[in-house]
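Take a look at the structure set out below.
Numbering (this note's numbering), first residue to last: 3 to 102.
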């Protein structure tokens with residue numbers, strides 16, 4: 003292997019590294035401008051998301067108010083057979099059916 007070939011290899015490798023570092027430096031300089039350019043867009047997206055959340059909350063409350071019924075008191079069911087066997091048996095309460 004000749005020293006000329008070795009120096010040509012290092013020259014090519016150094017040139018590739020220099021081009022890579024130059025591109026990296028340019029990107030490093032441009033990134034803050036890109037970040038600050040995105041900020042107003044993010045603010046508008048956040049504002050839109052808040053408006054959507056408020057509208058969904060209002061719709062949800064309207065639907066909830068429309069579907070809400072007055073909760074009835076629990077119905078008292080006296081089990082006659084149990085009370086005949088033992089009068090100390092507490093009366094049982096029946097829960098209303100679940101709402102879906």
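For glycine and all other residues, C-beta sits at the position ideal for the given N, C-alpha and C. Treat the numbers as computed from the prediction; the structure is a model and nothing was measured.
Rounded to whole angstroms, what's the CA-CA distance from residue 51 to residue 44? Just pull it up for me. For the purposes of this step, residue 51 is taken as the residue at position 49 of the chain shown. For the purposes of this step, residue 44 is taken as the residue at position 42 of the chain shown. Each residue's Cα considered, the two are about 10 Å apart.
Relative to the ligand NAD, is the shortest distance from any of its heavy atoms to the C-beta of residue 39 smaller than 7 Å? With respect to the ligand NAD, the structure shown offers nothing to examine, as it has no ligands at all.
CA-CA distance, residue 21 and residue 40? By one-based count along the chain shown, residue 21 stands at place 19. By one-based count along the chain shown, residue 40 stands at place 38. Between residue 21 and residue 40, the C-alpha separation is close to 28 Å.
Could you check the C-alpha separation between residue 34 and residue 24 for me, to the nearest Å? Mapped onto the chain shown, residue 34 falls at position 32. Mapped onto the chain shown, residue 24 falls at position 22. Looking at the two C-alpha atoms, the distance is approximately 17 Å.
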